[in-house]
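Below is one structure, written out as C-alpha cells; the observations come after it.
Protein chains in written order, with the working numbering: chain D, 37 to 247; chain F, 36 to 185.
Here it is, written out as C-alpha cells:
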C-alpha cells in the first residue's frame with residue numbers, strides 16, 4: 037500500500053526582508069517525499085498484515101500504539117488570548133487533565149497536540165503555522181473558543197483569521213467564549229476517542245485555501 | 036494658568052477661537068500651525084503631559100488629527116484638532132516637542148495613512164510590514180486581500 041506524503045503548499049514567505057528567516061523557512065519546509073521512516077514502517081506493517089494470521093499481530097499492535105498515543109497527549113504550552121486562562125485552569129490542579137496523561141509541554145518538538153486558545157490575528161498566523169510545523173507527526177489540533185473556531189466577535193474586523201482551520205487542520209472544535217474548563221476537558225476527551233481510532237499516518241490534507 | 040488665560044493666549048497667538056468645556060480647551064487649528072500650537076501649549080501653557088494622538092475620518096471632508104496634552108499641575112487640558120484635506124494627508128510631526136508622540140504617530144500612520152513630516156522613524160507599528168491599506172479609514176474594504184499566512 038502506498039502512503040502518500042503531504043503536498044507542499046508553501047506560498048512566498050511573509051518575511052520578505054529578513055534573509056536568515058527566509059533561509060530557515062527554505063531549510064525547514066515540508067519535504068515533498070514525506071517522512072521516509074514512517075513510510076517504511078507503514079509498508080512493513082502492511083506486509084505483516086497480509087501474511088496469514090498477521091492481521092492479529094498488526095491490529096493488536098496498532099491498538100497498543102493508539103492506547104499509548106491517546107493516553108499521553110502532550111499539548112504544547114501555547115496561549116493566545118483569554119481562552120488561555122481557561123486552558124491554564126484546565127491544566128491546573130482543580131480540573132487536572134494530567135490524570136488523562138496530558139502534560140503541558142514547553143516545546144513544540146516534544147508535543148502531540150496544539151490547543152489554539154484564542155484569537156488568531158493575521159500577523160500571528162505565520163507563527164502559529166511555524167509552531168505547528170515544528171511539532172512531530174502524529175499531531176492534533178484543538179480549536180478552542182469562538183475566535184479560533186470562526187473568528188468569533190472579531191470575524192468582521194480587518195485583522196483576524198476567520199477560523200484557525202484556514203491555517204492548520206483542526207480535529208476538535210470546542211465552542212464557547214471562552215469555553216469553561218469542563219468544555220475543554222470534554223473536547224480533549226473526544227480527541228482521545230479520535231486518537232484511539234488513529235490509523236498508520238496522522239497526515240491530513242492541508243487546509244483548503246481561503247476563498 | 037487657568038482655561039480663561041489659555042483661551043486668551045491662544046486667541047492672540049493663533050487667531051483662533053477656542054471653546055472651553057470645563058477644564059478642557061478645544062482648539063481647532065489650520066494644519067500649518069500644528070507644531071507651533073503644540074510648542075506653545077508645552078512651553079507657555081505648561082502642558083508637559085502628552086496624553087494621546089489619533090485621527091478621525093470624515094470621508095470626503097478630509098481627516099481630523101486630534102491631540103490631547105495636559106498640564107497636570109493645574110488640571111488644564113488642551114485639545115488640539117486640525118483638519119487635513121483628503122488630497123494631502125500630511126501633518127507636522129510633534130516628536131520634536133513631545134517624544135511620547137512617536138508611537139502614537141506611527142499608529143496613526145498605520146491605521147489612517149497620515150504622513151507625519153519630521154517623524155524620525157515613520158513605519159508601521161501594529162500591522163505587518165507587507166500590509167496593504169490603512170484599515171481604520173472608512174474607505175477600507177474589510178475583504179481587502181492580505182499576505183498569505185506564511
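Backbone N, C-alpha and C fix where the C-beta goes; we use that ideal spot for every residue, glycine too.
Beta-bridge partners of residue 151 of chain D (DSSP): D:178. For residue 170 of chain F, the C-beta contacts it makes with chain D under 8 Å involve 194, 195, in order along the chain. Selection F:94, F:80, F:68 evaluated against residue 111 of chain F yields F:80 as nearest (Cα-Cα). With respect to residue 102 of chain F, residue 115 of chain F sits close: the two C-beta atoms are nearer than 8 Å. Non-local beta-carbon contacts of residue 225 of chain D in its own chain, meaning distances under 8 Å to residues more than five positions away in sequence, involve 136 in chain order. Judged by pairs of C-beta atoms under 8 Å, the segment 149-164 of chain D touches the segment 189-203 of chain D, as three or more such pairs exist.
In this structure the segment 138-150 of chain F lies against the segment 159-175 of chain F, because at least three pairs of beta carbons, one per stretch, are closer than 8 Å.
Sixteen is the threshold: when 16 or more other Cβ atoms of the shown chains lie within 10 Å of the Cβ of residue 188 of chain D, as they do, the residue is buried. Against chain D, a Cβ distance below 9 Å from residue 175 of chain F picks out 194.
Residue 156 of chain D and residue 196 of chain D do touch by the CB rule: their CB atoms are close to 7 Å apart, below 8 Å.
Look at residue 83 of chain D here: in three-state DSSP terms it is helix.
The DSSP-derived three-state label of residue 126 of chain F is strand. For the options F:70, F:43, F:71, F:66, the alpha carbon positioned closest to that of residue 60 of chain F is the one of F:43. Residue 75 of chain F and residue 165 of chain F have their C-alpha atoms some 38 Å from each other. Counted as a single uninterrupted DSSP element, the beta strand (DSSP E) harbouring residue 63 of chain F occupies residues 59-64.
Taking residue 145 of chain D as the centre and dropping the five residues before and after it, the same chain places the C-beta of 170, 171, 172 closer than 8 Å to its C-beta, in chain order. For residue 152 of chain D, the closest alpha carbon among the candidates D:229, D:181, D:194 is that of D:181. In the DSSP assignment, residue 121 of chain F falls outside any beta strand (DSSP E), carrying neither H nor E. With 16 or more neighbouring CB atoms inside 10 Å of its own CB, residue 215 of chain D falls in the buried class. Per the coordinates, the alpha-carbon of residue 136 of chain F lies some 14 Å from the alpha-carbon of residue 105 of chain F. Under a 10 Å Cβ-count criterion, residue 143 of chain D is classified as exposed, with fewer than 16 other Cβ atoms of the shown protein chains found around its own Cβ. The alpha-carbon separation between residue 82 of chain D and residue 92 of chain D amounts to approximately 12 Å. Within the segment 54-109 of chain F, the beta strand (DSSP E) runs of at least 3 residues that lie entirely inside it are, in chain order, 54-56, 59-64, 84-92, 98-106.
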